[in-house]
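In terms of the UniProt record's numbering, the sequence shown opens at residue 1 and continues consecutively.
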Amino acid sequence: MKLCVIGGDGIGPEVVDAALAALLVLLPQLEVHHAEAGWQTFVKQGVALPQETLERARECGAVLFGAAGSPAYKVAGYRSPIVELRRSLACYANIRPTTSPMGSARAVDLVVVRENTEDLYIGEEASDGEVATALRRISRAASRRVGEVACALAASRPRRKLTIVHKANILPLSDGLFRDSVREVAAGYAGLEVEEVLVDTAAYRLAANPAAFDVLVAPNLYGDILSDLAAAFGGGLGVAPSLSVGEGCAIAEPVHGSAPDIAGRGIANPQAALSSVALLLDRVWQQPALARRLQAALADTLASGVRTPDLGGQSTSAEFTRALCARLQASS
Ligand code: ATP
Ligand code: MG
C-alpha cells in the first residue's frame, strides 16, 4: 500500500505528521511518499500544486492532505491546490461524517456528501471593477455520480435515508438538474427514504434538529457550508474528518483549513486528520478492523482526559499523539 502525504500550510503539516505516526503503528509496511503543495509552495515555486506532486499522488492512489492556506486577496496564477487535486484525481465526492461526541445530549450521526468538481468552484470569475460575475456549472453526469456515492452510502446505513439539498425554487435549471439527477439515481435503490430540502431550510433544520438527518447530498457550495455547520455537533473543526473518493483515487483530508491563528504553537488537534485516515482505512483500503482500532484508541485517549485546547484540554498535539500511539500499540 502506498500513501502520498501532503502537509501543506499552517497546521496542515502538524496534523498530518500525527496521523501518519498513528497510521504507521497500524500499517508498518506502508510505503510513504512526501510531496509539497499549498500557498508556501506557490510563494517558492510559483505553482500551488506542482506537477511532481500530482504525479506522486496519482501513482500512490491515496493521499493524506493537511491544509492549504490561501491569500485573502486575488493573486494572479494562484489556484486552490486541494480543489485542483480533487479535480485532477477525479475525486468527485467528498464524504463528511459527523457523530456527536459520547455523552452529548443530541445523538447526531449524519454524513454530508458534497459534490467536489463543479458548481461555483470551477473558479470562472470576471470583473470590470464595478460588476463581478462568477459562473456556476451543474451537470447531469457530475450530479449522478455524486448521487451514486450518496445513495450507496445511505443504503448501507441502518436508517436508509437520503436528503437532497438544493435551491431549485430560485435556480430551477441548475439546482433543478442536480435534484432531478440525484432523484433518478435514488429511484434505483429500493427501500431508500428520499426527501428534498431547500438549502436554507436544511440549514435551519440542521441547527434545530440535526438528529433528523442521515445522509445529505448537495452541490459543492451548499455541501461545503452545511458540513461546516454539521461539524459543530461533532465537537468542532478540530475533529471533523473527510474523505474524497471517485474514480480509483482517494484523498483523506480534515475539514478544517490551515488555522493560521494556532499554527506553529503545537496545539492543533490532530483528531480530524486521524479520523480521515480511519475513513481511508475503512472505505478505501478495506481494513475495517484497523479503522475500528484507530477509532477505539481515539475514544479511549479522549476518555482518559488527554485533549487539545480546542476541546477544553491542556495537552499539546505531540502529547495527544504519543498517548494515542501508546494505546494503539497496546491494542494490537
Ligand atoms: P483557511 O483559510 O486555511 O481555511 P481558516 O482561518 O479558515 O484557514 P480553519 O482551519 O478553517 O481556519 O479553522 C477555523 C478556526 O477553527 C481556526 O482559526 C482554529 O482556531 C480552529 N481550528 C481549526 N482546525 C483546528 C484544529 N485541528 N485544532 C484546533 N483548532 C482548530
Ligand atoms: Mg476555513
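Just so you know, even glycine gets a beta-carbon here, dropped at the ideal spot from N, CA and C. In this text, all values refer to a predicted model and were calculated from it rather than measured experimentally.
Cβ-heavy atom distance, residue i to the ligand ATP, below 8 Å
i	result
Q45	no
Q51	no
I225	no
P260	yes
A299	no
D109	no
A67	yes
Q271	yes
I6	no
V63	no
G10	yes
S315	no
L3	no
G264	no
I267	yes
S275	no
G312	no
V15	yes
S70	yes
T133	no
H34	no
G235	no
One or two residues paired with residue i in a DSSP bridge
i	result
R137	D119
F65	I6
A218	R114
A252	L64 and L243
S127	A132
A212	BP columns for A212 are empty, so no partner.
R193	First, the residue type needs correcting, since residue 193 is Glu and not Arg in the sequence shown. According to DSSP, E193 bridges with K161.
L198	H166
P97	V111
A35	I6
Presumed contact (8 Å Cβ cut-off) between residue i and residue j, rounded CB distance
i	j	result
D9	G46	Actually they do not touch by this definition, with Cβ atoms about 16 Å apart.
V215	L162	5 Å
P309	I251	At roughly 27 Å, the Cβ-Cβ gap does not stay under 8 Å, so P309 and I251 are not in contact.
R140	S174	Actually they do not touch by this definition, with Cβ atoms about 11 Å apart.
A323	T301	5 Å
G238	N209	Rounded, the Cβ-Cβ distance is 24 Å, inconsistent with contact.
S227	V245	That pair is no contact at about 15 Å.
L3	V32	5 Å
G38	G77	Rounded, the Cβ-Cβ distance is 14 Å, inconsistent with contact.
Counted within 10 angstroms of its Cβ, other Cβ atoms place residue i as buried (16 or more) or exposed
i	result
A72	exposed
S127	exposed
R159	exposed
V75	exposed
E184	exposed
G235	buried
Q40	buried
T321	buried
K167	buried
S304	exposed
A326	exposed
I82	buried
L135	exposed
E148	buried
I170	exposed
S156	exposed
A67	buried
G123	exposed
V43	exposed
A271	One point to set straight first is that residue 271 is Gln, not Ala, in the sequence displayed. The residue in question, Q271, is buried, as its Cβ has 16 or more Cβ neighbours within 10 Å.
V131	exposed
E253	buried
Y222	buried
S332	exposed
P288	exposed
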